[in-house]
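Comments concern the structure below.
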Amino acid sequence: MAIGLLLNGLEVLSGRPIPLVVLLSIISLILWSSIFSTSSKKKYSLPNLVPGLPIIGNTHQLPGEDFCLHVEQLAKSYGGKMFTLKIGNKFWVFLNNIRDVNELLEKRAAKSSSRIDFPMAQGLMSNHKRMLLMPYGDLWRRERKVVHSILNVNQQNLFQTFQDVESKALLYNYLQDQACWWKAHGSFSASVIMSVIFGRRAAIGDENMEAALKCSEQFEHYLEPGRAVVDVLPFLMKIPWLKNLQPWRWYGDALYRQTIGVYRKEMDDLRERMRLGTQKPCFMSELLDSKQHAQFSEEELLFIGGTMIEAGTGSTRLSLHQCVAAAVACPDWPVRVRAQLDQVCGANAERLPDFKDAINLPLVKAAVKESFRWKPTVAETGVPHTMSEDDSYMGFTIPSGSVIVYNHWTIANSSSEYEQPDRFWPERFLNDDLDKPTKGHLGFGTGRRVCVGYNVGAGNMFIALARLLYCFEFEPVPGAPIDLSSPRLIRGTIEKAGFEVKIKVRSEAHRQLIERECRDAALQL
């Protein structure tokens with residue numbers, strides 16, 4: 003029965019009958035996979051294996067959307083303990099509390115720092131070149147070393163120059179069209195990272211940047227398990243016959259061509275500016291001029307630059323969306339933050355907050371950390387890790403090749419981990435770890451795969467949030483409450499905001515401050 007359902011699904015996807023030789027190959031491979039996984043279950047003691055069907059395990063139970071809500075309910079049913087899903091031929095172990103995350107992904111990082119091979123997202127869509135999903139190995143280490151050279155804390159002054167200018171443009175864009183606040187978030191986050199990586203700014207509506215964001219949005223869609231038939235049945239990628247009848251290849255190959263085309267345009271434009279001598283110093287121009295670039299292929303160079311743009315743009319943009327939603331849903335915290343901002347910068351719009359004010363703005367810094375915890379819309383079920391060795395923990399034996407997932411949405415919304423988790427409450431982070439961006443939440447990942455650009459992300463959020471809260475107020479739209487039940491509803495899309503909000507300037511003095519201090523930054527875009 004299960005085999006029949008899967009084969010019918012494959013035929014629907016292709017729109018054509020499946021040739022007999024392909025059918026026989028699929029059936030034999032499925033049966034082999036079933037025998038192998040059955041022997042694995044007998045050999046290993048996995049944490050709370052959720053009941054499923056023979057061969058396909060729990061694959062048929064996966065929802066079409068809001069996967070994080072599905073696994074949140076499973077976590078509750080197991081009392082917050084670890085549980086295991088069998089998806090395709092892989093066992094996925096979900097960690098639902100900080101203790102287990104720290105133990106398995108931090109302390110035992112030597113065994114748990116590799117990545118699952120997503121045939122669709124990493125194989126077809128990325129040709130195995132996106133650093134985010136690379137296995138723990140030589141190429142990943144070489145690329146991470148290069149990326150760390152530009153995104154580390156020692157480059158803070160370089161980033162702050164761009165963050166200052168782009169946050170002024172953000173305020174001016176808000177002032178000009180408050181209905182498009184979410185587009186202003188995208189322009190701010192994109193322009194900061196674009197300036198650093200490719201030496202150019204990105205205005206609202208920038209054609210190539212919007213194309214990059216759309217490619218990234220489609221890529222992220224396939225980071226959830228079971229999204230593509232080849233992720234569930236990875237052996238389908240090995241079928242050598244009739245590739246024109248394999249619909250997963252059509253889609254994956256098409257998105258790869260779109261993605262590499264977007265990256266190549268940025269690189270070609272930069273090389274032309276370098277040829278003319280008009281380029282501004284940036285990470286990629288320095289890399290191309292150095293001997294380091296020789297260790298990478300052209301395709302690897304394109305993905306190094308492109309995926310840094312994806313990561314730097316997406317996380318900041320969505321975190322700002324969360325802050326706006328939180329300002330409406332939990333209106334008490336902006337009042338307290340503004341009181342501190344007014345005390346430091348003046349209650350009558352004397353000047354904009356700056357990075358030098360950070361020491362006197364602990365509530366802003368705490369609000370930034372809370373934005374990385376509250377209702378996470380980035381990697382809400384985490385980016386999966388993979389065990390490279392067998393390991394034993396809490397009486398269970400987890401085999402090599404198992405997928406380990408930190409259940410981000412579940413942990414962030416757990417009252418066992420955070421007091422009043424639904425409340426946006428910056429004060430929870432007013433502690434000795436206030437100036438440690440990765441401590442107290444999972445917004446940047448964990449272990450050896452923690453996001454290398456966390457200092458940049460924290461800096462983006464500090465200056466943007468401080469200036470937005472100093473100059474603007476956020477109110478609910480009557481009859482349009484914000485639905486916080488799903489990250490999908492908060493996140494929205496590239497083309498459309500996920501919720502409505504009324505935004506107004508705090509006073510005429512604040513309006514004049516923006517006009518005076520921010521106009522040039524926006525008009526130079």
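Going letter by letter, the sequence shown gives residues 3 to 527 in the numbering used here.
Each residue gets a CB set at the ideal place from its N, CA and C atoms; glycine is no exception.
Residue range of the beta strand (DSSP E) that residue i falls in?
i: V405; result: 405 to 408
i: Y176; result: Unbroken run through Y176 is the alpha helix (DSSP H), 158 to 178; no beta strand (DSSP E).
i: I400; result: 398 to 400
i: S394; result: 393 to 395
What does the alpha-carbon distance come out to for the pair residue i and residue j?
i: R251; j: A214; result: 21 angstroms
i: Q514; j: K170; result: 13 angstroms
i: D435; j: K185; result: 32 angstroms
i: F161; j: L257; result: 31 angstroms
i: H187; j: A460; result: 15 angstroms
i: A369; j: E421; result: 16 angstroms
i: W142; j: Q260; result: 23 angstroms
i: G54; j: G125; result: 28 angstroms
i: K147; j: P121; result: 26 angstroms
i: M196; j: G314; result: 9 angstroms
i: A192; j: T399; result: 43 angstroms
i: I465; j: E105; result: 34 angstroms
i: A77; j: L97; result: 9 angstroms
i: D68; j: V346; result: 42 angstroms
i: R490; j: V479; result: 20 angstroms
i: L225; j: A123; result: 7 angstroms
i: V23; j: V231; result: Only weak support exists for where V23 lies, its pLDDT of 42 falling under 50; the value from the coordinates is given anyway. The alpha-carbon atoms of V23 and V231 are separated by roughly 19 angstroms.
i: T280; j: I199; result: 16 angstroms
i: P49; j: Y395; result: 9 angstroms
i: D255; j: K245; result: 12 angstroms
i: R117; j: Y456; result: 20 angstroms
i: D166; j: D522; result: 12 angstroms
i: V407; j: D140; result: 23 angstroms
i: Q63; j: M84; result: 18 angstroms
i: I5; j: K88; result: Reliability of the predicted coordinates at I5 is poor, the pLDDT of 44 falling under 50, and the value obtained from them is presented with this limitation in mind. Cα to Cα, I5 sits roughly 16 angstroms from K88.
i: H130; j: C473; result: 44 angstroms
i: T163; j: V155; result: 14 angstroms
i: A296; j: E145; result: 12 angstroms
i: E301; j: Y265; result: 9 angstroms
i: F446; j: T440; result: 6 angstroms
Based on DSSP bridge pairs, tell me the residues matched to residue i.
i: D334; result: The partner list for D334 (beta bridge, DSSP) is empty, contrary to what the question assumes.
i: L95; result: First, the amino acid is wrong: residue 95 is Val here, not Leu. V95 is bridged to T86, I406.
i: I496; result: Answer by DSSP bridge pairing: none, since I496 is not bridged.
i: V507; result: F474
i: A482; result: V479
i: S116; result: T388
i: L55; result: G59
Nearest chain D C-beta to residue i closer than 7 angstroms, yes or no?
i: L135; result: The structure shown contains no chain D, having only a single protein chain.
Short check: CB of residue i to CB of residue j, under 7 angstroms?
i: L304; j: M269; result: yes
i: M286; j: S114; result: no
i: C325; j: L467; result: yes
i: N60; j: G82; result: no
i: Q180; j: I505; result: yes
i: L173; j: R469; result: yes
i: I492; j: G481; result: no
i: T309; j: R132; result: yes
i: K377; j: F431; result: no
i: F476; j: V330; result: yes
i: N350; j: A524; result: no
i: A327; j: I484; result: yes
i: T448; j: V103; result: yes
i: K293; j: N210; result: no
i: P423; j: N415; result: yes
i: P401; j: Y176; result: no
i: E312; j: S373; result: no
i: H387; j: L107; result: yes
Tell me which residue opens and which closes the alpha helix (DSSP H) that residue i is part of.
i: D437; result: First-last for D437: undefined, no H or E at that position.
i: S189; result: 183 to 200
i: G254; result: 249 to 278
i: V454; result: Neither: V454 is in no alpha helix (DSSP H) and is coded neither H nor E.
i: S416; result: First-last for S416: undefined, no H or E at that position.
i: V380; result: Note, V380: premise wrong, no alpha helix (DSSP H); not H, not E.
i: A205; result: A205 -> no alpha helix (DSSP H), and no H or E assigned at all.
i: W427; result: That residue, W427, is in no alpha helix (DSSP H); it is neither H nor E in DSSP.
i: H150; result: 140 to 153
i: K358; result: First-last for K358: undefined, no H or E at that position.
i: S373; result: 364 to 375
Cβ of residue i within 6 angstroms of any heavy atom in the ligand MN?
i: S404; result: Questions concerning the ligand MN fall outside what the structure shown contains, since it holds no ligand whatsoever.
Report task. Count the C-beta pairs between the segment 59 to 77 and the segment 409 to 428 that are closer than 8 angstroms, then say yes if the count reaches three, no if not. Result -> yes
**Report entry** Three or more C-beta pairs below 8 angstroms linking the segment 85 to 92 and the segment 227 to 241
**Finding:** yes
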